[in-house]
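Asks: In terms of this note's numbering, the sequence shown opens at residue 133 and continues consecutively.
Note that the Cβ used here is the ideal one computed from N, Cα and C, for glycine as well.
No experiment lies behind these values; they were computed from the predicted model shown.
Shown below is the structure under consideration.
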Amino acid sequence: MLRIATWNVAFCHRLPVIIDSARALPARDLISLQELSTHHGRTDAQSIATRLGPSWRFEQVTAQVVGGRTQANGILWDSRRIELEGLDTIDLPTPSGRVMRALPRQRRNAVLANLRLGALRFRLYAVHLDVFGIAHKHAQLARVLDHASAHATADFMLIAGDMNTYGIAGRPRWAELRRLAAAVGFEELTAGIGWTHRTLGVRQKLDAVFAAPQGLPHRAWREPLPGSDHVPVLVDLELPIIESRRRP
């Protein structure tokens, strides 16, 4: 089993609360984080990993600087179960079209981690899609999916993060993201978890975990812990099909 979480931590404005909530999570092996920043000369990923325990490792990659604040994606992993074999980033498309170009410029990336769990090699894409433009979000996810399709050497692959599918009636937006993912063999594992973001009394589902191949047994849920306007999204992923293929 692989136990993963994804969480947008809102620049860790409430870093002590974020750390307490991360420690309160059910046992995890791997955590994808969005909107990390830096505080007191340390990356937020380092601050969180340090408090999770001596076996926890971290990577944090800056996507952009907003108002003087670092905005980064990152991953944390428990080295007792997971080994990092390589790290890279994918630059995601910037907005196109006259209206989109008139908006404040945003730079987004996906952190790509090649990892090992026992005999299994797998890849995690930690992503944070743009706030504006549904077609633009589709193009950004498509960039990640294209990379996954062109580098399908892992036993399984995960995409975890904040998809920013704003909209009260957001189902059509999610339907297209799921269609794009399914076309290249990914399945959303978190389709039934309900809302993941709350602000001003409005609750929406913005966060997700996708996996390939499709059909892996799993359990997904959200943990309503404090610290951010998003809540952590958790998946316990069974790997019996993949593990049986690897046996001689």
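#1: With burial defined as no fewer than 16 other Cβ atoms inside 10 Å of the residue's Cβ, what is the status of M133: buried or exposed?
#2: Once you ignore the five residues that flank D262 on each side, which residues in its own chain have a CB closer than 8 Å to its CB?
#3: By Cβ distance below 8 Å, which residues in the same chain neighbour D161 in space, the five residues on each side in sequence not counted?
#4: For E319, which beta-bridge partners are listed by DSSP?
#5: Does the region 162 to 175 come within contact of the region 198 to 209, defined as at least 3 CB pairs closer than 8 Å?
#6: Does the separation of the CB atoms of G359 and I150 fall below 8 Å?
#7: In whole angstroms, what is the alpha-carbon distance linking T170 and T202?
#8: Please look up how many angstroms separate the CB atoms of L354 and V365, rounded, as I've assumed it's under 8 Å.
#9: What span of residues does the alpha helix (DSSP H) with T182 cover, start to end?
#10: Which term fits L277, buried or exposed, when burial requires 16 or more other beta carbons within 10 angstroms of its beta carbon?
#11: Compare the Cα-Cα distances from R335 to each of E319, G173, I325 and report the closest residue.
#12: Which partner residues of G293 appear in the DSSP bridge assignment?
#13: Take every Cβ of the region 137 to 156, pair it with every Cβ of the region 188 to 195, and state whether three or more of those distances are shorter than 8 Å.
#14: Quick check on this structure: which residue in E308, T331, V363, F288 has the alpha carbon closest to the alpha carbon of P349?
#15: Considering A154, what are the terminal residues of the alpha helix (DSSP H) in which it resides?
#16: Closer than 6 Å by C-beta to K337: which residues in its own chain qualify, once you throw out the five before and the five after it? Chain order, please.
#17: Consult DSSP for D278 and reduce its assignment to one of helix, strand or coil.
#18: Could you tell me whether the Cβ atoms of L312 and A343 are closer together than 8 Å?
#19: Taking the alpha carbon of A286 as the reference point, which residue from A251, H172, G199 has its own alpha carbon closest?
#20: What number of angstroms, rounded off, separates the C-alpha of L157 from the C-alpha of A352?
#21: Using a Cβ-Cβ cut-off of 6 Å (strictly less than) and excluding sequence neighbours within five positions of A280, which residues of its own chain qualify?
Replies: Per the coordinate set shown:
#1: exposed
#2: L224, P227, Q238, R240, H268, K269, Q272, N296
#3: L134, R135, I136, W209, D210, R213, I214, L249
#4: A343.
#5: yes
#6: Going by C-beta atoms, G359 is nearer than 8 Å to I150.
#7: 7 Å
#8: Before going further, note that residue 354 is Arg rather than Leu in the sequence given. With a contact defined as Cβ atoms closer than 8 Å, R354 and V365 qualify at about 5 Å.
#9: 176 to 184
#10: When all chains shown are included, L277 counts as buried.
#11: With respect to the C-alpha of R335, the residue from E319, G173, I325 having the closest C-alpha is I325.
#12: According to DSSP, G293 bridges with V259, A340.
#13: no
#14: F288
#15: 147 to 156 is the span of the alpha helix (DSSP H), which, as asked, contains A154.
#16: W327, T328
#17: For D278, the three-state secondary structure derived from DSSP is helix.
#18: no
#19: A251
#20: Whole-angstrom Cα-Cα distance: 14 Å.
#21: Excluding residues within five positions, the ones whose Cβ falls inside 6 Å are M289.
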